[in-house]
Every structure is written in structure tokens, then in C-alpha cells.
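Single-structure report; data block below.
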Amino acid sequence: MSSAPGEATLQEGEICIDASQLRPGVHVRLPVSWVKHQFMFSSFVIENEEQARLIAAMKLPQLFCDPARCKVPPRPLQEAVTPPDHDADQAAQSERDALAALEAARMDARRERERMMEGLRQRLLKAGQHYRGAAATVSSAIRGFSTNPQQSVKDFNRICEESTTALLTDPDSAFVLVIEKGQDDGQAAHALSVMTLSLLLGKQAGLPEQALRVLGSAALLHDIGKRLMSPSILRNPARNRHEEALFQTHCRGGYDEALRTCSLSHAILETILSHHERCDGSGFPDHLKGNAIPLTARLVGIADRFDTLVNPVDPRLAIGPSEALSTMWSREQKGFDRGLLQLFVRAMGVYPPGSIVQLSDGQIGAVVGSAPVSKPLSPKVMIYAPEAPRHQAIIADLAAQEVVTIERMLRLQERSIEELNYLLPHRKVNWSCPA
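Numbering (our numbering), first residue to last: 6 to 440.
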């Protein structure tokens, strides 16, 4: 497990070095909190002589280096340059003035990064608040569907309209809706995730705003037929033939009940009925194939399957977002509209929201924001930095710099409870399940 990058203790694989040994290409870890220096990270590979001089000017009692991350080895101690004495000449004074100017410029740049981070944090906070309010509304609407379906439909439509607007104005808010899925009502959480994922896919497919609103409402209502089913069947991932037959009735049962409301569009009704159909005919309840499956049902079916893989009823069976995409593409592709599945993979990105990643400087983080089209490998990442309170978490926009990149994806079960509680505090994952 990784340690906090600001800890003033030697970590595995590291060596202690002197400031005079620094040069471009050498990895360095500063044994102070990230809030106490002007660099973006506390652990990084030095880019240029300017950075080496600024680190030396900090006069830290010790520096750490991981030789495995160095592009070039540190300078040998015998080559270290002797610092000027108290009688430094005018050139030395000019050097100090130049360093002071550089440090001031870097601190200004850091403050600008912090303003950007704070703006992103506030947007993520606002989206998270929207999610929690939406979850409560959807949960209530599901419970009240039998007694007051008209009011429930109004509530569903309002949540869908608000979420669609949020998605169109701030795409990163949709990522939070996926990441923030937590321990609330299971069906409401699933409905919200499927709605969000369906909207992401629909947006990628170029659907107009009105069609997106219909799609979102259909996604919220797709599992309405599960309301009256036995929890023992819904929560059993190893259903026998009889139990599976009962489970499959939720599509037709939900369709029949929704039809009686007389207020739902044909597209929404079709989605409730057909979201488990598969393009190769292996789905249910009618074994439809290809384009015989309504478009909205094909869209929701992809989103529903992804969320089921990432957030199954049995947390021990959960897999990461990237692994879920790989499973759907490599093993289950025949069941889905190939073009829509391609768009879904593109919409989710190379590093989907909620993914735990290791950065090239050794730090661990969670993907919390989308990558720009021009830099698909550079999303926004929340850094695990326990020395900073989570509400002040470091959020690195990897697309805004060229130094740190994502090195690899990590499995949730490979990480410590402390890391996961910091990075994904609301995820419904059994952290103690075996790797």
C-alpha cells in the first residue's frame, strides 16, 4: 500500500539524497505537506534546473528519491557544488534574487491551480448534493408508484429534467452521479446510475435534448417491475431455473403496471418491457433481435448491464469500471448494439469514473472527471493525500500538465481501507472481499 507522499519517513525503495545531487530527470519526494511548497505534487521527477534550484533553496533537512523512477541517477556527492558563504558576491545575490522571483512566480501559478481545483471541488460538491437529493426523491417515487403513479411519474420526470440539464451544462457532474452511488435504497441508486449512464451514452450518440429527457425517464423507470418481487430473488446472484423465471417477470409486470398509469410515452413503456432483450436473441421476455429491440431499450440495456457488473447485489462479485467495459466488449458484445457499445466505451473514457489509478509519480488517485477529447488519457484525478482533509482534496487535471501521467489501473481489492474510504467514500463495495 502506498503511504502519504508528504510523510517524512523513508519509504520502500527510496534513498536519502542531498539537494546538491538534484538535476533534471531525478525523482524527488519532498517530506513536507503539499500545501507548504509551490509544486503541484510532493513527489515528482524534476523537469529542469529551475526546479532543482528551487528545491535546493527550500533548505529541507532531507530529501527522498526513488531510483526506480529516475530517468537519470542523482549526481554523485563528490560532484556536489559547494554553496556560497556569507560573503557571497554580487553574482550570488543576483542568484538569490532570481530564485526569489521564480518562487514568487511559481507560488502565483500554484494559487491559480488551487483556484481551479476549488472551482472543480465546488462543482463536484454541487453535483453530489444533487445526487443525494435525487436519490431520496427517486426512492420515494418508487415506493409510491402503486398508490399514486401520477405523482411518482412527475417526480421521475423532474429528476430526469434536472439531471439532463446538469449533464448538458457540466459533464463532470454526471461522473459524480456514478461515483457517488452509495448505501441508500438499492433500487433508487441503481435507477439513478442507469439514468446517468444512459444520458452519457445518449449524448455521445447525438440525441437531441428532448430525446435525452425521454431516455432519462425511461432509465429511471426501467426496473419499476421489481418493486413487488421478493428480495430473496432480487438479491440472489445464483438463482435456480424457477427463481430466474420469476425474476424475468419483472419486465412484463412493470410494463403492465406502467401502462395502467396512462401517462407514459410509448418509448418509456417499450424500455420497461425490453431492456433485458439482447441483439443475439438471448434476452427476455420476447427474445427480440437486433433493431427489433427499440432504440431506447438498447441504450438503457447497455447502461443497466454496466451498473450491474460494477455494483452487483453481492458486493463480492463487483468488478472495476474498466474491467466491466472489457467484459461487455470482449465477452458479451453479441448481445448489444455494436455501434452503441462503441459509443458507450468512448463516453466512459479510457479511465472510467470511479477507477482507482496509480500515477507515474507513484501516487494513488480516483478518476473524478472526464478527459478532454484531445487528451483521452488525461482525466481529472483526486489524489490520495491524507494530510489534506477530503473536502480539500487535491484534484489534479492531468490534461493541464505534461509531467504526471496515469501509469496503470488498480483493482479496488488491492487498496487499503484508508485509501478507498478517502477516494470513494460512498461506493457500495465490500472492501474485505478477497482479491
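The beta carbon of each residue, even a glycine, is placed where N, CA and C say it ideally should be.
Can you tell me where the beta strand (DSSP E) holding residue i begins and where it ends?
i: F49; result: 48 to 50
i: K385; result: 385 to 388
i: A5; result: Outside the shown range of the chain (6 to 440) lies residue 5, about which nothing can therefore be said.
Apply the 10 Å Cβ neighbour rule to residue i and answer buried if 16 or more other Cβ atoms are within range, or exposed otherwise.
i: M45; result: buried
i: S70; result: For clarity, residue 70 is Cys in the given sequence; the question names Ser instead. So C70 counts as buried.
i: T169; result: buried
i: Y427; result: buried
i: T152; result: exposed
i: R420; result: buried
i: C21; result: exposed
i: V31; result: buried
i: L15; result: exposed
i: K385; result: buried
i: M333; result: buried
i: C284; result: buried
i: S106; result: The sequence given here has Ala at residue 106, not Ser. That one is exposed.
i: Q188; result: Residue confidence is low: Q188 scores 48 on pLDDT, short of 50, so the model does not pin down where it sits. No coordinate-derived value is stated.
i: Q156; result: exposed
i: M121; result: exposed
i: D366; result: buried
i: G295; result: exposed
i: D23; result: exposed
i: P213; result: exposed
i: K159; result: exposed
i: H195; result: buried
i: G138; result: exposed
i: Q134; result: exposed
i: D261; result: exposed
i: L82; result: exposed
My guess is that residue i and residue j are in contact by the Cβ rule of under 8 Å, so how many angstroms apart are they, rounded?
i: P358; j: V373; result: 7 Å
i: I361; j: A352; result: Not quite, the Cβ-Cβ distance comes to about 20 Å (not below 8 Å), so this is no contact.
i: L364; j: V409; result: 5 Å
i: I273; j: V219; result: 7 Å
i: T301; j: E275; result: 7 Å
i: I51; j: L35; result: Contact flag wrong, Cβ pair sits at about 11 Å.
i: S287; j: G340; result: 6 Å
i: L225; j: F161; result: 5 Å
i: A308; j: V199; result: 5 Å
i: D228; j: G191; result: No, D228 and G191 are not in contact; Cβ-Cβ is about 10 Å, not under 8 Å.
For residue i, which residues does DSSP report across the bridge?
i: I22; result: L68
i: V362; result: G370, M414
i: V33; result: F49
i: D285; result: K294
For residue i, is the beta carbon positioned less than 7 Å from some heavy atom of the ligand MG?
i: S237; result: The ligand MG is absent from the structure shown, which contains no ligand whatsoever.
Could you pull the start and end residues of the alpha helix (DSSP H) that residue i belongs to?
i: P326; result: 326 to 335
i: K208; result: 191 to 209
i: F311; result: 300 to 315
i: H261; result: Looking at the sequence provided, one finds Asp at residue 261 rather than His. Where D261 is concerned, the enclosing alpha helix (DSSP H) stretches over 246 to 264.
i: Y356; result: Run containing Y356: none; DSSP gives neither H nor E here.
i: S218; result: Going by the sequence as given, residue 218 is Arg instead of Ser. Taken as a continuous stretch (DSSP letters only), the alpha helix (DSSP H) holding R218 covers 214 to 226.
i: R80; result: Taken as a continuous stretch (DSSP letters only), R80 belongs to no alpha helix (DSSP H), as it is neither H nor E.
i: C165; result: 154 to 174
i: S237; result: 236 to 239
i: Q56; result: 54 to 62
i: S279; result: 271 to 279
i: L428; result: 422 to 428
| query | Does the segment 232 to 248 come close enough to the segment 203 to 212 that 3 or more CB-CB pairs lie under 8 Å? | reply | Result no; under three Cβ-Cβ pairs closer than 8 Å.
| Would the segment 227 to 242 and the segment 306 to 323 be scored as touching if the rule is three or more Cβ pairs under 8 Å? | yes
| Between the segment 396 to 409 and the segment 56 to 68, are three or more C-beta pairs nearer than 8 Å? | Result no; under three Cβ-Cβ pairs closer than 8 Å.
| Counting pairs of beta carbons, one from the segment 250 to 264 and one from the segment 324 to 341, are three or more of them closer than 8 Å? | Too few Cβ pairs lie closer than 8 Å, so no.
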